[in-house]
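Read through the structure below, which is laid out as structure tokens, and then see the notes.
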Ligand code: ADP
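Residue numbers (my numbering): 1 to 165.
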């Protein structure tokens, strides 16, 4: 016999919290698409901006953070945090059981596969992949940076909050 629904204590059900890690230099419509679809899978999604002191960024950290916070200001399930060090250590710190990543092409898959296997070796954290929506797969932060550097119109590649000028 199936268990009576009243026997379940819904209050103790664990929240499904995921992080979406990346550099977001800057946030693009590709990221935006994955985040919007990702929040339908989890109760909470933390956009985690990884800080790598060896890396040169086009946009300062505070600006990258603002682009994301503004783009998702009406989404209470989303928070933006920054972190340094291993992604799995950050997951443990914020009590997240999942890492969300986007896949654009076979090169992304090969790269992400190695990272997901390593993270699984280091922890119990599962990586969940979403395929990019058609029409968004060519968008990357590095292409956006190239267009900006060369004075091109990048407005069709990023959310409104990134259009600073
Ligand atoms: P990283 O430096 O970790 O590659 P990015 O900010 O470039 O960080 O990307 C963060 C995540 O967003 C990655 O999972 C990446 O595959 C995904 N992503 C980036 N652009 C797109 C896109 N156009 N479609 C789907 N996923 C994307």
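Glycine residues also receive a C-beta, built at the ideal position from the N, C-alpha and C atoms.
| Item | Value |
| --- | --- |
| State whether the region 18-25 contacts the region 95-103, with contact taken as three or more CB pairs (one from each stretch) at a distance under 8 Å. | yes |
| Please tell me whether, using a cut-off of 6 Å, the distance from the CB of residue 117 to the nearest non-hydrogen atom of the ligand ADP is below it. | no |
| So, are the CB atoms of residue 67 and residue 27 less than 7 Å apart? | yes |
| Helix, strand or coil for residue 125? Go by DSSP, reduced to three states. | coil |
| Compute every distance between the C-beta of residue 127 and the non-hydrogen atoms of the ligand ADP, then say whether any falls below 6 Å. | no |
| Since residue 98 is in the beta strand (DSSP E), which residue starts that stretch and which ends it? | 98-103 |
| Out of 47, 69, 132, state which residue places its alpha-carbon closest to the alpha-carbon of residue 160. | 69 |
| Which full runs of the beta strand (DSSP E) of 3+ residues lie inside the region 63-112, going along the chain? | 78-83, 98-103 |
| CB residue 44 to CB residue 17, shorter than 7 Å? | yes |
| Check whether the region 30-37 and the region 129-141 are in contact - that is, three or more C-beta pairs closer than 8 Å. | yes |
| Who are the Cβ neighbours of residue 162 in its own chain at under 7 Å, not counting the five residues just before and after it? | 26, 27, 67 |
| Using alpha carbons as the reference points, say which of 87, 71, 37 lies closest to residue 51. | 87 |
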